[in-house]
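In terms of UniProt numbering, the sequence shown opens at residue 1 and continues consecutively.
Here a beta-carbon is modelled for each residue, glycine too, at the ideal position from N, C-alpha and C.
These numbers were taken from a predicted model, which means no experiment stands behind them.
This report refers to the structure that appears directly beneath it.
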Amino acid sequence: MINTLFPNVDWPKMWEAAFETLYMTAISTILTAIFGLALGLLLFLTSPHQAWANKLANWLTGAFVNIFRSIPFIILIILLIPFTKLLLDTIRGPNAAFPALVIGAAPFYARMVLIGLREIDKGVLEAARSMGAKTSTIILKVLLPESLPALVSGITVTCISLVGYTAMAGIIGAGGLGTLAFLDGFQRNRTDVTLMATILILILVFIIQWIGDMVTMKIDKR
1 MINTLFPNVD WPKMWEAAFE TLYMTAISTI LTAIFGLALG LLLFLTSPHQ
51 AWANKLANWL TGAFVNIFRS IPFIILIILL IPFTKLLLDT IRGPNAAFPA
101 LVIGAAPFYA RMVLIGLREI DKGVLEAARS MGAKTSTIIL KVLLPESLPA
151 LVSGITVTCI SLVGYTAMAG IIGAGGLGTL AFLDGFQRNR TDVTLMATIL
201 ILILVFIIQW IGDMVTMKID KR
């Protein structure tokens with residue numbers, strides 16, 4: 001039945017492409033969470049009335065985030081080709097997609113982190129400061145725990161965006177379902193290949209959203 005509906009699909013190649021997409025999404029999500037969280041914390045802590053209040057540092061960080069958040073991903077991939085080549089000595093394959101994926105997604109997640117941190121009750125922060133808590137203690141004991149549901153919800157949305165980014169990265173030969181859909185599906189006029197790649201991407205997105213919603217519900221004590 002499946003072979004009748006998808007006669008041109010090379011299943012071993014399809015599963016390999018699905019694994020590459022999963023690999024790119026997982027690694028880039030981890031790296032994005034790290035760098036995005038660092039940028040979001042820096043934006044928050046350098047803003048007025050915070051521990052590291054500094055107009056210049058806040059402006060520079062905000063400008064970096066806004067610039068890279070605003071560049072369309074397909075253009076960002078092209079702009080980063082020289083950097084990727086210098087860093088990895090190649091622009092093809094799943095690993096070559098990581099610089100563009102992380103640089104494209106981390107600023108987006110940083111803004112979501114900032115929104116989550118701003119929603120924390122100011123009274124909780126003031127209480128921690130009045131007890132003489134260090135900045136590191138405030139970050140680990142107040143900021144991160146209090147904003148955790150928002151952080152998880154944000155990384156879920158970002159992870160789903162990264163799935164779409166990996167598909168776009170496939171156009172320059174990054175591998176995964178995007179490459180397969182473009183080269184074996186679109187360029188060879190095999191609609192069934194493109195359709196199956198799309199179905200697998202949708203399934204991955206639904207699973208990520210389900211996991212993210214479940215985790216958010218478990219940790220949200222409000």
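Here Val157 is not near Val215, since their CB atoms are 7 Å or more apart. Annotated three-state conformation of Phe64 is helix, per DSSP.
Counting only residues of its own chain and dropping the five nearest sequence neighbours on each side, Gly164 has no CB closer than 7 Å to any other CB.
One Cα belongs to Ala53, the other to Arg92, and the distance between them is close to 42 Å. For Ser161, the enclosing alpha helix (DSSP H) begins and ends at Leu144 to Ala169. Ranked by Cα distance from Ser70, the first of Arg111, Gly40 and Ala38 is Arg111. Counting only runs of at least 4 residues, the stretch 31-107 fully encloses the following alpha helix (DSSP H) elements, listed from N- to C-terminal order: 55-70, 73-79 and 81-88. Rounded to whole angstroms, Ile155 and Leu204 show a C-alpha spacing of 15 Å. It is roughly 48 Å from the alpha-carbon of Met196 to the alpha-carbon of Ser136. A straight-line Cα-Cα distance of about 10 Å links Gly104 and Phe98. Annotated three-state conformation of Val9 is coil, per DSSP.
Note on geometry: alpha-carbon atoms of Leu60 and Lys141 lie some 27 Å from one another. Contact check for Ile171 and Phe182: beta-carbon distance about 6 Å, within the 8 Å limit, so the pair qualifies. When the Cα atoms are used, Leu39 and Pro107 turn out to be separated by approximately 7 Å. Under the 8 Å Cβ criterion, the stretch 10-19 does not count as touching the stretch 82-91, having fewer than three qualifying pairs.
Here Leu87 has Pro99 as same chain residues with Cβ atoms under 8 Å from its own Cβ, once five neighbours each way along the sequence are excluded. A direct Cα-to-Cα measurement between Arg129 and Leu56 gives close to 24 Å. Rounded to whole angstroms, the gap between the alpha carbons of Gly178 and Leu76 is 17 Å. Phe44 places its beta carbon less than 7 Å from that of Leu117. Boundaries of the alpha helix (DSSP H) around Leu180: Gly176 to Leu180. Distances from the alpha-carbon of Phe73 to those of Ser161, Phe19, Met24 and Ile115 put Ser161 closest.
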